[in-house]
Amino acid sequence: MYSDLHLTEDRPVYIQVKDYLKRLMLKGGLQPNQKLPSTRELSTLMKVSRSTILLAYAELEEEGLIYALKGKGNYVSTLIESQQATAIHWQLDWTAEVSDYAIQAEQYDLMKHGSGAERGEISFTSIAPDEKLFDLQNVKRAFLDRMSLEGEVLLNYGYAQGYKPLMNYLMNYMENKGVDLTGKDILITNGFTEGFDLVLGALRKKSGKALCENPTHHTAIKNLKLHQFQLTGIDMEPDGLDLKQLEQELAESAYDLAYLVPSYHNPTGIVTSPAKRTEIIRLMNEYQVPIIEDGFNEELRYSGSHVSPLIASMGKGNGLVYLGSFSKVLFPGLRVGWIIADAALIDYLESMKRARSIHTSTLDQSLLYQYLSNGNFEKYLKRARTEYKRKYELAVHCLKRHLPMCQISGAGGLHLFVQFPPEVRTRELLAACKVKGVTFTPGDTFYLEPGQGLHTMRLGFSRVSDENIRKGIRIIGETVASMM
Ligand SMILES: Cc1ncc(COP(=O)(O)O)c(C=O)c1O
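Numbering (our numbering), first residue to last: 3 to 486.
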């Protein structure tokens, strides 16, 4: 006893001594009214200073865990009851207690069941931003600026709808993209993902059916399924949805919503053409199917002409719910996204947000706001875009060289999509590449039905060095050649 205290560097030593003694008391190692060693003895046993023991004893006395008898020493309080002695060792099988929602969420969890990368591998699985590009100095300055202005307010509860200055900034940002905000409002969310979950939870199920691109963002498929939507996928063409198929589906069945990623779609990287955008809105209006637009990647354009979000083509119309996020463009660790939609819908979403999480961290929101309003965004974006564009071009060059038989898509964003000839099964290719230290995401992950996309892969390049882009794609190319 006592000599097994393991000190760490992250907390004051007297607190660690106090916690050690408290744990001993709670576990029954020290009994009520038992005399504690003198401060001198304990300091020798624990190899810490006597003043540290004095401080620890003072803290324990203040908490009522020990008492001092003048001239005799310190004793364990009678109030202490060993929790171990009275513990009721109640065992439940939690796997039998969880809901279908929890079971499905676990089954669809790619982080647990996907093709994750191991240390030292060349991994093309991530589509997160490259943290080496983050302008930490400006983030730190923004944090200090905002804290010194209103730190006390920021640390208290905030408002469910969001941090007002950020809401105003984002409304203006969306107006600059051509969005008519008449009759619309904003809600700040924990990224796209929470916003999507809120919207899906807010919509009444009439047909219980939803439309989406096929393939599409895996997290969106997961959330739609968790909300019990039956999904119909529409094939992707090089310029966006197959409109014939879309119109046929709309004519045949009623749908509650359509989830669409019109710019730098995940996983295909496709940007829907202006003509198709107009036609999609026309069709959805005709069949009265609300659109949920995911605008996560709009800023990461490397070539082609500027594209506006679908919501910018809606004028005062309110049939579209826009979900924005800075997770790719800025910092996904700040879980900040936003919803722009009809004010009546936002009103409900605000109450749902309050019921679920009260509000998005005001610290995150205000830090982001200060960073943006200090004028850092444009500078950062310029730098990030230049760097990603360079990597994008390098990856395209290497793919063309080492995988000439493949079709490549992706006009921006942080990934490319590769279609192999049908005889190449990318799950088998992945297994063979993994042995050689290279991983990627097999494209079937993003398709709605088993058996689809078996010869496709998504290649995330944002966090891979130039050298590893070259090496990794060369290895994939050599592996394919050896398999054919
Ligand atoms: C299609 C799509 N939308 C949105 C996001 C961003 O989600 P969040 O804002 O929750 O980080 C991602 C991230 O990978 C994505 O692929």
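Note that CB positions come from ideal geometry on N, CA and C, so glycine has one too.
Check	Outcome
Using DSSP bridges, identify the partner residues of residue 261.	214 and 294
Would you mind stating whether residue 252 and residue 291 have Cβ atoms separated by less than 9 angstroms?	yes
Rounding to the nearest angstrom, what Cα-Cα distance links residue 132 and residue 384 in this structure?	14 angstroms
Throw me the rounded Cβ distance for the residue 146 and residue 355 pair, which I believe falls under 8 angstroms.	Not quite, the Cβ-Cβ distance comes to about 29 angstroms (not below 8 angstroms), so this is no contact.
Between the Cα of residue 157 and those of 120, 329 and 364, spot the shortest distance and give me the residue it belongs to.	364
So, does the stretch 409–428 touch the stretch 365–373, judging by three or more C-beta pairs under 8 angstroms?	no
For residue 70, which three-state DSSP category applies?	strand
Suppose you measure from the CA of residue 135 to the CA of residue 129; what does that come to, to the nearest Å?	14 angstroms
Please confirm whether any heavy atom of ligand 1 lies closer than 8 angstroms to the CB of residue 524.	Past the edges of the chain, shown from 3 to 486, lies residue 524, and the structure says nothing about it.
Consult DSSP for residue 201 and reduce its assignment to one of helix, strand or coil.	helix
Considering Cα atoms alone, identify which of 24, 480, 338 and 280 is closest to residue 245.	280
Can you give me the C-alpha to C-alpha distance between residue 310 and residue 239, rounded to a whole angstrom?	19 angstroms
Relative to ligand 1, is the shortest distance from any of its heavy atoms to the C-beta of residue 91 smaller than 8 angstroms?	no
Report the three-state DSSP secondary structure of residue 111 (helix, strand or coil).	coil
How big is the Cα-Cα spacing for residue 343 and residue 323?	5 angstroms
CB-CB under 6 angstroms to residue 414, same chain, minus the five flanking residues each way: which ones, in chain order?	266, 302, 303 and 304
So does residue 219 have its beta carbon nearer than 8 angstroms to some heavy atom of ligand 1?	yes
Can you find a heavy atom of ligand 1 that lies under 8 angstroms from the Cβ of residue 411?	no
Is the beta carbon of residue 9 closer than 9 angstroms to that of residue 18?	yes
According to DSSP, residue 303 sits in a beta bridge with which residue or residues?	414
Under 8 angstroms by Cβ, that's how I've got residue 207 and residue 258 pegged, so tell me the actual separation to the nearest angstrom.	6 angstroms
By the three-class DSSP mapping on this structure, what secondary structure does residue 355 have?	helix
What residues in its chain sit with their C-beta under 8 angstroms from that of residue 487, if we drop five residues either side in the sequence?	Because residue 487 is not part of the residues shown, which for the chain are 3 to 486, the question remains open.
Within 8 angstroms, do at least three Cβ pairs link the stretch 48–60 to the stretch 109–125?	no
For the stretch 311–318 against the stretch 174–190, do three or more pairs of beta-carbon atoms, one drawn from each stretch, fall closer than 8 angstroms, so that the two count as touching?	yes
Does the beta-carbon of residue 88 have 16 or more other beta-carbons within 10 angstroms, so that it is buried, or is it exposed?	exposed
Please report how far the alpha carbon of residue 295 lies from the alpha carbon of residue 437, in whole angstroms.	39 angstroms
Taking 9 angstroms as the threshold (C-beta atoms), are residue 439 and residue 448 in contact?	no
List the DSSP bridge partners of residue 340.	190 and 326
Taking 9 angstroms as the CB-CB limit, is residue 358 close to chain B?	Annotation note: the requested chain B is absent from the structure, which comprises a single protein chain.
Measuring from the CB of residue 281, is there a heavy atom of ligand 1 at a distance below 8 angstroms?	no
Identify every residue that forms a DSSP beta bridge with residue 77.	37 and 69
Less than 8 angstroms separating the Cβ of residue 126 from some heavy atom of ligand 1?	no
Taking all protein chains shown into account, decide if residue 154 is buried (16 or more other Cβ within 10 angstroms of its Cβ) or exposed.	exposed
Please tell me whether residue 126 and residue 463 are closer than 9 angstroms, where the distance is taken between their beta carbons.	yes
Any chance the CB of residue 131 is under 8 angstroms from a heavy atom of ligand 1?	no
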